[in-house]
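Counting along the sequence shown from 1, when you hit position 215 you're at 214 in numbering that gives the first Met the number 0, and nothing is skipped either side. Have a look at the structure below, then the notes.
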Amino acid sequence: MRKRAFRGLRKYQEAIRPAPPPAVPVVAREGSARLLRYGTENGRHPVVFVPSLINPPQVLDLSGSRSMLRHMRAAGHDAYLVDWGTPAADDGALGLDRHVTDRLLPMLAALPRPPILVGYCLGGNLAIGAAALQPARALATIAAPWNFDGFPAADREQIGALWRSSRPMCQRLDYVPMEVLQSGFWAMDPARTIRKYAAFAGMEPGSDEEHAFLAVEDWANGGPPLSYAAGRDLFEQFYAANASGRGEWHIDGRTVDPRRLTCPTLSIRSATDRIVPAAAAPEMGENTTLSLGHVGMIVGGNGRAMLWEPLSQWLSSHGG
């Protein structure tokens with residue numbers, strides 16, 4: 000298998016990439032962050048997708064045939080996507096709380112009416128934070144890591160050790176390189192990397208399957224660093240102390256607790272998610288459990304029927 004994996008890795012490195020999806024308009028900017036508009040005015044509430052700070056937002060608009068955002072536009076939603084951008088040299092003190100107050104909320108203020116927020120992965124935490132500070136029409140999270148006691152103890156210990164060894168360097172740099180984060184995810188299941196490249200070696204050149212693999216891997220291997228403060232909050236407040244799960248995460252002096260939100264809420268998690276276990280997801284007014292991978296639920300072949308379409312129906316039922 001290792002030989003096939005090396006062949007797959009070489010194939011990945013040498014493959015010609017298909018053209019990316021066409022660009023969409025920018026409707027608001029705040030610091031390095033941008034708010035991209037996929038939909039058009041329809042008299043209903045805007046639907047704002049909030050991605051993780053880890054890896055670029057393009058996973059939600061991966062390709063012409065694997066784009067949750069373009070599906071939502073085709074379904075009639077006035078859909079938007081947050082692009083967090085690359086932290087500036089003086090953004091080292093921008094913690095997770097300030098990503099909400101200094102980036103997300105000012106951009107949401109440009110919208111004509113209260114939005115429905117849809118947060119993916121760590122973006123779910125930020126969306127919950129935004130909804131706690133400013134009225135939202137509704138809130139949905141997808142694979143959001145909220146209760147870190149729901150992670151296997153071995154994973155938390157491994158991630159803690161990674162941060163302890165990386166923190167001095169990150170503190171000097173004033174940011175957390177993407178490689179630090181990637182190494183933590185790879186360590187959770189190192190055999191998976193070998194398996195996926197071995198499988199890629201046998202994919203038909205030019206096939207949709209091959210193009211999807213290239214797009215996902217380019218996304219997973221790319222992305223800007225985190226500001227130092229955001230990385231510190233992630234590793235120390237969330238993974239180590241479980242501040243969010245214990246009701247001890249505060250933004251501008253307010254406790255962020257999804258159970259206190261008065262808007263309709265939905266928590267989507269997956270029983271087969273290796274990155275964010277179902278037990279770590281927030282408990283909301285409505286909760287649903289899938290059987291798809293962390294990335295597969297967004298871009299996989301079953302994502303449309305199991306996630307995109309039911310989510311679209313839920314958005315419509317709440318004015319989006």
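For every residue, glycine included, the Cβ atom is placed at its ideal position computed from N, Cα and C.
Using DSSP with H/G/I as helix, E/B as strand and the rest coil, what is residue i?
i      : result
Ile15  : coil
Thr192 : helix
Gln261 : First, the amino acid is wrong: residue 261 is Thr here, not Gln. Three-state result, Thr261: coil.
Ala137 : strand
Gly149 : helix
Asn124 : helix
Ala109 : coil
Ser269 : strand
Val117 : strand
Leu291 : coil
Ala22  : coil
Glu282 : coil
Ala160 : helix
Ala27  : strand
Asp173 : coil
Going by Cα to Cα distance, which pick from the options is closest to residue i?
i      : options                           : result
Ala190 : Arg273, Gly221 and Leu68          : Arg273
Ala32  : Pro17, Pro56 and Ile115           : Pro56
Gly149 : Ala242, Gly295 and Leu107         : Ala242
Ala254 : Tyr196, Gly128 and Phe199         : The residue you asked about is not Ala; residue 254 is Thr in the sequence shown. For the residues Tyr196, Gly128 and Phe199, the minimum Cα distance to Thr254 belongs to Gly128.
Leu306 : Leu265, Ala278 and His317         : Leu265
Ile141 : Ala279, Arg259 and Leu161         : Ala279
Val47  : Leu138, Leu132, Asn54 and Val58   : Leu138
Asp173 : Asn124, Arg231 and Gly159         : Arg231
Pro113 : Arg171, Pro45, Val25 and Gly159   : Pro45
Asp77  : Gly91, Asn220, Val26 and Pro105   : Val26
Leu180 : Met202, Gly318, Ala160 and Gly205 : Ala160
Arg259 : Ser182, Leu104, Ala153 and Ala130 : Ala130
Trp218 : Ala92, Asp101 and Asn54           : Asn54
His70  : Val275, Pro309 and Ala135         : Pro309
Glu285 : Pro276, Leu314 and Ala240         : Leu314
Tyr79  : Gly91, Ser290 and Pro111          : Pro111
Pro276 : Pro151, Arg9 and Lys10            : Pro151
Met283 : Ala143, Arg9 and Thr85            : Ala143
Arg65  : Arg163, Glu178, Pro19 and Arg268  : Pro19
Rounded to the nearest angstrom, what separates residue i and residue j at their Cα positions?
i      : j      : result
Pro176 : Asn301 : 32 angstroms
Met168 : Ala304 : 44 angstroms
Ala228 : Arg97  : 10 angstroms
Phe237 : Leu34  : 26 angstroms
Ile193 : Lys2   : 10 angstroms
Ala14  : Gly292 : 25 angstroms
Cys262 : Met296 : 25 angstroms
Pro224 : Ser311 : 32 angstroms
Leu125 : Ala198 : 35 angstroms
Ser206 : Cys120 : 29 angstroms
Phe212 : Phe234 : 29 angstroms
Glu99  : Ile115 : Just to set this straight, residue 99 is Val in the shown sequence, not Glu. Cα to Cα, Val99 sits roughly 15 angstroms from Ile115.
Gly94  : Gly244 : 18 angstroms
Ala122 : Pro257 : According to the sequence as given, residue 122 is Gly; it is not Ala. Distance between the alpha carbons of Gly122 and Pro257 is about 14 angstroms.
Val298 : Ala214 : 10 angstroms
Val73  : Pro105 : For the sequence presented, residue 73 should be read as Ala rather than Val. Between Ala73 and Pro105, the C-alpha separation is close to 27 angstroms.
Arg171 : Ser165 : 10 angstroms
Asn220 : Arg16  : 15 angstroms
Leu107 : His249 : 20 angstroms
Gly222 : Arg136 : 30 angstroms
Tyr196 : Pro134 : 45 angstroms
Gln12  : Gln157 : 29 angstroms
Arg28  : Thr85  : 13 angstroms
Ile267 : Ser182 : 26 angstroms
Arg163 : Thr39  : 46 angstroms
Leu103 : Arg6   : 42 angstroms
Ala153 : Ser290 : 23 angstroms
Could you round the C-beta distance between residue i and residue j to whole angstroms and report it? I think they count as a contact, below 8 angstroms.
i      : j      : result
Gly75  : Asn41  : 6 angstroms
Tyr37  : Leu68  : 5 angstroms
Val81  : Pro50  : 6 angstroms
Ala87  : Gly30  : 7 angstroms
Trp83  : Leu52  : 6 angstroms
Ala288 : Ala270 : For clarity, residue 288 is Thr in the given sequence; the question names Ala instead. Yes, Thr288 and Ala270 are in contact; Cβ-Cβ is about 5 angstroms, under 8 angstroms.
Val294 : Val117 : Not really, about 16 angstroms apart at Cβ, beyond 8 angstroms.
Pro281 : Asn146 : 7 angstroms
Glu209 : Glu203 : 6 angstroms
Ser226 : Asp101 : About 11 angstroms; that fails the 8 angstroms criterion.
Gly252 : Arg43  : Not a contact, Cβ separation roughly 33 angstroms.
Lys10  : Ala200 : 6 angstroms
If you scan the region 33–95 from start to end, which runs of the beta strand (DSSP E) of 3 or more residues do you find wholly inside it? Taking 3 residues as the shortest admissible run, the region 33–95 contains the following complete beta strand (DSSP E) segments, listed from N- to C-terminal end: 46–49 and 78–82.
Could you tell me which uninterrupted alpha helix (DSSP H) segments, each at least 4 residues in length, are contained entirely in the region 175–258, listed from first to last along the chain? The region 175–258 contains, as complete alpha helix (DSSP H) runs of 4+ residues, the segments 177–187, 189–200, 207–220 and 227–231 (chain order).
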